[in-house]
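**Q** Going by my numbering, the sequence shown opens with residue 1, and the numbers climb by one from there. Ideal Cβ positions, reconstructed from N, Cα and C, are used throughout, including at glycine. Quick caveat: nothing in here was measured; it's all calculated off a predicted structure.
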Amino acid sequence: MASNIVARSTSFVGREGDLEALRAALTGHARVVTVLAPGGVGKTRLVLELARAELARFDEVWFCDMSEARSALD
Numbered sequence: 001m002a003s004n005i006v007a008r009s010t011s012f013v014g015r016e017g018d019l020e021a022l023r024a025a026l027t028g029h030a031r032v033v034t035v036l037a038p039g040g041v042g043k044t045r046l047v048l049e050l051a052r053a054e055l056a057r058f059d060e061v062w063f064c065d066m067s068e069a070r071s072a073l074d
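#1: Could you give the distance in angstroms between the alpha-carbon of residue 1 and the alpha-carbon of residue 46?
#2: Considering only the beta carbon of each residue, do residue 51 and residue 61 sit closer than 7 angstroms?
#3: Taking the C-alpha atoms as reference points, what is the distance between residue 15 and residue 71?
#4: Near residue 18, what residues of its chain come up, given a Cβ to Cβ distance below 7 angstroms and the 5 sequence neighbours on each side ignored?
#5: What do you reckon, are the CB atoms on residue 26 and residue 33 nearer than 7 angstroms?
Dropping the structure here:
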């Protein structure tokens, strides 16, 4: 199994509802899910937790950090 998902360093508490909503989006609609929200709300932590949980279901799971992405027009 190919992956770039890092090991968890702390426990994951209090975001189970958000995790289930992401899992439903991934299961019901696509194999790619984009998460958008203001900085500092825990997007990275949430998607890495989902990625770890989905490692057994997919042949490959990759995290793509888009935090430095900018518009081509900038």
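**A** Looking at the atomic coordinates:
#1: Residue numbering aside, residue 1 sits at position 1 when the sequence shown is read from its first letter. Residue numbering aside, residue 46 sits at position 46 when the sequence shown is read from its first letter. Residue 1 and residue 46: Cα-Cα distance of roughly 21 angstroms.
#2: Here residue 51 refers to the residue found at position 51 of the sequence shown. Here residue 61 refers to the residue found at position 61 of the sequence shown. Going by C-beta atoms, residue 51 is nearer than 7 angstroms to residue 61.
#3: Your numbering for residue 15 matches position 15 in the sequence shown. Your numbering for residue 71 matches position 71 in the sequence shown. Using only the alpha carbons, I get a separation of about 30 angstroms.
#4: For the purposes of this step, residue 18 is identified with residue 18 of the sequence shown, where counting begins at 1. Excluding positions up to five away in sequence, the list reads 46.
#5: Along the sequence shown, one-based indexing puts residue 26 at 26. Along the sequence shown, one-based indexing puts residue 33 at 33. Yes, the pair counts as a contact, with Cβ atoms nearer than the cut-off.
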